[in-house]
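In mature numbering (1 follows the signal peptide of the UniProt record, and there is no 0), the protein residues as written are -21 to -1, 1 to 244.
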């Protein structure tokens, strides 16, 4: 018998013992159980206006300079659109009232509401395609609020919001098609909208993260109700004239005026 054969069982036992001893070593970092948890995001409380101190801002946006002459829009590419206006449709990019009030200006609180989170309205805002126009031409909604798009015309239209902060999209909508529903999740002033079928159709959407906005009436007036007291920057935006801002202080349970003026360009 060869001498090495006497030591094979003993060597095997020694090797096994060394493995068992090694298993008793201190666990490495990778063997420790993972006890870390993902922190739960903090829920921002919804700000509620105290009805006992709520205030109101009213104002008028005016236009100075020569009143623009009505400009005819050529709709001859679609006879149905021509018929809807009996052959005469006028440009609505600059609407000036009898007393120089500026219509279709978008007015909103630009500064003063920082740190406040407002509930998203459950009611949708509607934009219609009627008479080969977008109606309304200038509108606003809150972030997360639903926008309903309808087509009341007997012709196919296309709605193309050219957003740069929010998602840009582009869809056609035929006569009798169901309403489309869209949401904008980020503030954006303003989102221009066009119809790729009828190049005279334009609208503008203002998206803000609070409920304090309005579109001026044809006489330039607007109202921002239920505002908490404080100091605010009120801004008016117009599609051809740009922006104007003013700073106001609103007293508790009181009223304040914010009047702005745009000069002709």
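The beta carbon of each residue, even a glycine, is placed where N, CA and C say it ideally should be.
As the structure is a computational prediction, the values presented were derived from the model and not from experiment.
Would you list the residues sitting across from residue i in a DSSP beta bridge?
{"i": "residue 216", "result": "85 and 222"}
{"i": "residue 151", "result": "137"}
{"i": "residue 54", "result": "Residue 54 is not bridged to any residue."}
{"i": "residue 118", "result": "184"}
{"i": "residue 130", "result": "108"}
{"i": "residue 202", "result": "37"}
{"i": "residue 159", "result": "128"}
{"i": "residue 194", "result": "85"}
{"i": "residue 241", "result": "42"}
{"i": "residue 170", "result": "184"}
{"i": "residue 235", "result": "36"}
{"i": "residue 209", "result": "229"}
{"i": "residue 75", "result": "81"}
Check whether the Cβ atoms of residue i and residue j lie closer than 8 Å to each other.
{"i": "residue 117", "j": "residue 83", "result": "yes"}
{"i": "residue 115", "j": "residue 134", "result": "no"}
{"i": "residue 238", "j": "residue 28", "result": "no"}
{"i": "residue 209", "j": "residue 229", "result": "yes"}
{"i": "residue 139", "j": "residue 175", "result": "yes"}
{"i": "residue 211", "j": "residue 119", "result": "no"}
{"i": "residue 108", "j": "residue 189", "result": "no"}
{"i": "residue 241", "j": "residue 81", "result": "yes"}
{"i": "residue 152", "j": "residue 177", "result": "no"}
{"i": "residue 195", "j": "residue 86", "result": "yes"}
{"i": "residue 181", "j": "residue 172", "result": "yes"}
{"i": "residue 142", "j": "residue 106", "result": "no"}
Looking at C-alpha atoms only, which residue of the options is the closest neighbour of residue i?
{"i": "residue 285", "options": "183, 172, 182 and 203", "result": "Nothing can be reported for residue 285, as the shown portion of the chain is limited to -21 through 244."}
{"i": "residue 214", "options": "53, 168, 181 and 64", "result": "168"}
{"i": "residue 101", "options": "109, 93, 90 and 126", "result": "126"}
{"i": "residue 197", "options": "95, 119, 60 and 78", "result": "78"}
{"i": "residue 32", "options": "233, 244, 123 and 173", "result": "233"}
{"i": "residue 89", "options": "170, 235, 54 and 227", "result": "227"}
{"i": "residue 58", "options": "110, 81, 75 and 86", "result": "110"}
{"i": "residue 76", "options": "200, 207 and 236", "result": "200"}
{"i": "residue 113", "options": "216, 30, 179 and 207", "result": "179"}
{"i": "residue 132", "options": "231, 63 and 23", "result": "63"}
{"i": "residue 231", "options": "207, 23, 105 and 93", "result": "207"}
{"i": "residue 71", "options": "60, 61, 170 and 52", "result": "52"}
{"i": "residue 94", "options": "54, 23 and 106", "result": "23"}
{"i": "residue 185", "options": "156, 216, 69 and 158", "result": "216"}
Could you tell me how far apart the beta carbons of residue i and residue j are, in whole angstroms, since I believe they sit closer than 8 Å?
{"i": "residue 47", "j": "residue 73", "result": "5 Å"}
{"i": "residue 97", "j": "residue 25", "result": "7 Å"}
{"i": "residue 99", "j": "residue 123", "result": "4 Å"}
{"i": "residue 34", "j": "residue 235", "result": "7 Å"}
Worksheet item: How do the stretch 215 to 235 and the stretch 31 to 50 stand: do at least 3 beta-carbon pairs fall below 8 Å, yes or no?
Response: yes
Worksheet item: Can we say the stretch 139 to 148 touches the stretch 158 to 165, given the rule of at least three CB pairs closer than 8 Å?
Response: yes
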